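Written out below as structure tokens is the structure these notes cover.
Numbering (the numbering used here), first residue to last: 45 to 122.
Following this line, the structure appears as structure tokens:
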């Protein structure tokens, strides 16, 4: 999902990004928080945090809806 969003933005896999995940399931949200470091490493995100002006997309995975937002760190810091 994040790789597809990087492609939508024409971002290289090594581009520094900020990632925001909004999951509509408490159990899954807890798992995301628990494994934040692993997720960040796997999707090559510089950080988790609020994404103001990034690319947002809603996904459904195994009947759980989630919104993922991505923005480049450089864009977020401007």
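Quick reminder that beta carbons are idealized off the backbone N, C-alpha and C, glycines included.
Model, not experiment: these values are computed from the prediction.
Reduced DSSP secondary structure (H/G/I, E/B, other) of residue i
i: residue 95; result: coil
i: residue 113; result: strand
i: residue 122; result: Reliability of the predicted coordinates at residue 122 is poor, the pLDDT of 48 falling under 50, and no value is obtained from them.
Residue from the options with nearest C-alpha to residue i
i: residue 99; options: 56, 57, 64 and 58; result: 64
i: residue 91; options: 68, 67, 47 and 116; result: 116
Supposed close pair residue i, residue j - CB separation, criterion 8 Å
i: residue 58; j: residue 84; result: So it is not a contact: roughly 14 Å between Cβ atoms.
i: residue 105; j: residue 68; result: Not confirmed; about 11 Å, so no contact.
The beta strand (DSSP E) enclosing residue i, as first and last residue numbers
i: residue 66; result: 61–67
Distance CB(residue i)-CB(residue j) smaller than 7 Å
i: residue 52; j: residue 111; result: no
i: residue 72; j: residue 114; result: no
i: residue 45; j: residue 103; result: yes
Range of the contiguous alpha helix (DSSP H) that encloses residue i
i: residue 88; result: Counting along the chain, residue 88 falls outside any alpha helix (DSSP H), and DSSP gives it neither H nor E.
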